[in-house]
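In UniProt numbering, the protein residues as written are 1 to 118.
Down below is the structure, laid out as structure tokens.
As structure tokens, then:
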């Protein structure tokens, strides 16, 4: 899916991996959100890219997967939820790796044992 999205528009992939840049402005030295009537062409382009990225992800999902992510606001949130669902968190990944290494070590010990032992 990564290559498919990048082939459509690399900016879509950037929005998915880095998140949407929320339109803001500086007021009295503080950064505040812009109101919809204050958006410029650049702001609309970013919002449109997020909508396109969400659409591409939606089109690739089954109805069950769609229900998991359809309520999320940004393409990045959707992508992150799908990543955790299908790949797990880093802790889950580490646990899987440790289990596989342990299984391999047990297999090595068993294959090195002579049949006469049994």
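Backbone N, C-alpha and C fix where the C-beta goes; we use that ideal spot for every residue, glycine too.
From what residue to what residue does the alpha helix (DSSP H) around residue i run?
i: residue 82; result: 75–87
i: residue 53; result: 41–59
i: residue 12; result: 10–18
i: residue 67; result: 63–69
Skipping 5 residues on each side, what residues in its chain have a beta carbon closer than 8 Å to that of residue i?
i: residue 88; result: 96
Measure the beta-carbon distance from residue i to residue j and round it to whole angstroms, keeping in mind my assumption that it falls under 8 Å.
i: residue 3; j: residue 75; result: At roughly 16 Å, the Cβ-Cβ gap does not stay under 8 Å, so residue 3 and residue 75 are not in contact.
Can the beta-carbon of residue i be found closer than 8 Å to that of residue j?
i: residue 33; j: residue 22; result: yes
i: residue 83; j: residue 57; result: no
i: residue 46; j: residue 72; result: no
i: residue 1; j: residue 60; result: yes
i: residue 81; j: residue 69; result: yes
Could you tell me the boundaries of the beta strand (DSSP E) in which residue i lies?
i: residue 25; result: 24–27
i: residue 33; result: 30–33
By Cβ distance, which residues of its chain are closer than 7 Å to residue i, with the 5 residues on each side in sequence left out?
i: residue 12; result: 5, 49, 52, 53, 56
i: residue 64; result: none
Just tell me which of the options has its CA closest to the CA of residue i.
i: residue 42; options: 29, 30, 31, 25; result: 25
Return the chain-ordered list of same chain residues with a C-beta closer than 6 Å to the C-beta of residue i, the five sequence neighbours on each side being excluded.
i: residue 105; result: none
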